[in-house]
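> FYI, the numbering used here numbers position 4 of the sequence shown as -2, with every residue one higher than the one before it. Backbone N, C-alpha and C fix where the C-beta goes; we use that ideal spot for every residue, glycine too.
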Amino acid sequence: MSTKARSVGLPAQAVQRSGPAPAPARGPAWTTELRRDDGALDALAEEWDDLAARCRTATFFQAADWQRSWWRHYGTPGGLLVVTVRRDGLLVGAGAFRRRGGPFGGLTALGDGLVDFTDVLLDDDCADRAAAEFAAALPLTRPWHTLELREVRPEAAVQKVFEHWRGRRRRFADSLCQYLPAVSMEQLLKRVPGKTAQRSRVKLRKIAEAGVEVTTTPVAEVPAALEGLLRLHFLQWHERGVTPEHRTERFARHLVESTTGMVASGRAAVHQFRLDGELMAVNLLLLCPSFGGLYLYGAHPALRERLDIAGLLFAAALDETVGAGIPVLSLLRGQEPYKQRWRPDQLANQRLLFGPAGAAPAATARAGVIRARQTVARLLRTRFPRLKEALLARRRT
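1) Cα separation between F91 and I201?
2) Closer than 8 Å by C-beta to A176: which residues in its own chain qualify, once you throw out the five before and the five after it? Chain order, please.
3) May I ask which residues mark the beginning and end of the alpha helix (DSSP H) holding P295?
4) Under 8 Å Cβ to Cβ from R225, same chain only, skipping five residues before and after it: list those, please.
5) For V86 and G69, what's the separation of their Cα atoms in angstroms?
6) Would you kindly work out how many angstroms separate the C-alpha atoms of E251 and T242, rounded to a whole number?
7) Taking only runs of the alpha helix (DSSP H) that begin and end inside the segment 8 to 77, which ones reach a length of at least 4 residues, in chain order?
8) Please confirm whether M256 and F54 have their CB atoms less than 9 Å apart.
9) Would you mind giving the Cβ-Cβ distance between L297 and H227, rounded to the nearest angstrom? I have them listed as a contact below 8 Å.
10) Per the DSSP calculation, F348 is bridged to which residue(s)?
11) Please state whether DSSP places R94 in a helix, a strand or coil.
12) Which residues in the same chain as A351 place their Cβ atom closer than 8 Å to its Cβ, once the five residues preceding and following it in sequence are excluded?
13) Taking its Cβ as the centre, do 16 or more other Cβ atoms sit within 10 Å of V79, making it buried, or is it exposed?
14) Do V152 and T190 come within 9 Å of each other at the CB atom, strictly closer than that value?
15) At which residues does the alpha helix (DSSP H) containing H158 begin and terminate?
16) Pop quiz: D339 and Q172 are said to be a contact at Cβ under 8 Å. What is the actual Cβ separation, rounded to whole angstroms?
17) Once you ignore the five residues that flank F128 on each side, which residues in its own chain have a CB closer than 8 Å to its CB?
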């Protein structure tokens, strides 16, 4: 563990006075710390969430419950690095990273494909200075050191750290995310063409007539509800290939642990849908002050044959988001056809690459790898879509 502290003061006035000179006025004391102990996130949890409440860009993936749970189930002992910035002892900047092995080494954010948004936390009242202190504390001192952050929103707090970084830096486009205004379903339908809106209203009436019971799950019942979600998720995707990680025990444990804590703190809601008393669908909605996010759902194939699943899930998510006073519903990453029906607004995430100052062969090489991968992905998406589907199917088996 290493700590550095700096104090910022005002120089005393060179003025003749009678009697003892008054003590010079001093500004706030800024300190930064690098914590490498595996229990750092647990020790900082309360302060971490207090800071998240003072950081307007913080998303649900920056919540202490999510970060701590991910590290417990996915982290490697000895591989955690937590950067903290304090102003007169108050935590005003924080970020957690994983040390990465391989020929280039370096740091990455926690998440590994399970998060749609990566960020650090900066107190809104002193975000620019906290970002400068954070950047100065990043331990990227050797030529092969890099920090690579995937899925960074354009307005993320870490963008300020990126601007203050004095070493080599690169910015790339990353996944496309989509957003809708959090309004009533009837208002949402005004975004779509007349015939599409008319068909959607017919589907919504059919849902209402079917008598689907929608409930918001209390904290004590979240583990059982998520077990149902994963069971239905596997069932709905078994013929098309489910994401392999979603089948693992560690993902199930992480999902239950993180979601239970986030439901208790108001950062998540789990909706259950029953038809004739039988559980037919479960949806996990993540919440932060600026937007809600549809993260994961499971639906019985028999329900899909009877009713419009997208309309069912979106209606419940909109009701929850509007009720919480949240202005936007995010569809997160991906361009699935059911999302396009609502004519969502689109905004691409970014990938940020930090490298040391001067000659930085690792940062240059990593940037080349990123560009090559993006070129291949673009070719697969635009010219060889069937090959892309075949490769994805192979990965799922």
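The structure says:
1) Taking the sequence shown and counting its residues from 1, the one referred to as residue 91 is at position 97. Taking the sequence shown and counting its residues from 1, the one referred to as residue 201 is at position 207. Going by the C-alpha atoms only, they are around 45 Å apart.
2) Position 182 of the sequence shown, counted from the first residue, corresponds to residue 176. Excluding positions up to five away in sequence, the list reads F285, G286, L312, T315, V316, I320, P321, V322, L323.
3) Stepping through the sequence shown from its first residue, residue 295 is reached at position 301. Element bounds for P295: 295 to 300.
4) The sequence position of residue 225 within the sequence shown is 231, counting from 1. These residues qualify, in order along the chain: G292.
5) Working through the sequence shown from its first residue, we reach residue 86 at position 92. Working through the sequence shown from its first residue, we reach residue 69 at position 75. Those two C-alpha atoms are separated by around 25 Å.
6) Along the sequence shown, one-based indexing puts residue 251 at 257. Along the sequence shown, one-based indexing puts residue 242 at 248. Distance between the alpha carbons of E251 and T242: 15 Å.
7) 34 to 47, 58 to 68
8) Counted from its first residue, the sequence shown places residue 256 at position 262. Counted from its first residue, the sequence shown places residue 54 at position 60. Yes; because the gap between Cβ atoms is below 9 Å, this pair is in contact.
9) Position 303 of the sequence shown, counted from the start, is the residue given in the question as residue 297. Position 233 of the sequence shown, counted from the start, is the residue given in the question as residue 227. Actually they are not in contact, since the Cβ atoms of L297 and H227 sit about 13 Å apart, beyond 8 Å.
10) Taking the first residue of the sequence shown as 1, we reach residue 348 at position 354. F348 is bridged to L141, R163.
11) For the purposes of this step, residue 94 is taken as the residue at position 100 of the sequence shown. Note: R94 maps to coil in three-state DSSP.
12) In the sequence shown, counting from the first residue as 1, residue 351 sits at position 357. Same-chain partners within the cutoff: R160, G161, R162.
13) As a position in the sequence shown, residue 79 is number 85, starting the count at 1. Buried, because 16 or more other Cβ atoms sit within 10 Å of the Cβ of V79.
14) By one-based count along the sequence shown, residue 190 stands at place 196. By one-based count along the sequence shown, residue 152 stands at place 158. Contact: no.
15) Taking the first residue of the sequence shown as position 1, residue 158 is located at position 164. Its alpha helix (DSSP H) spans residues 152 to 158.
16) As a working mapping, residue 339 is identified with position 345 in the sequence shown. As a working mapping, residue 172 is identified with position 178 in the sequence shown. Contact holds; Cβ gap of about 7 Å.
17) What you label residue 128 is simply residue 134 of the sequence shown in a count that begins at 1. Taken in chain order, the residues that qualify are T26, V77, V79, G87, G89, V114, L116, V155, H158.
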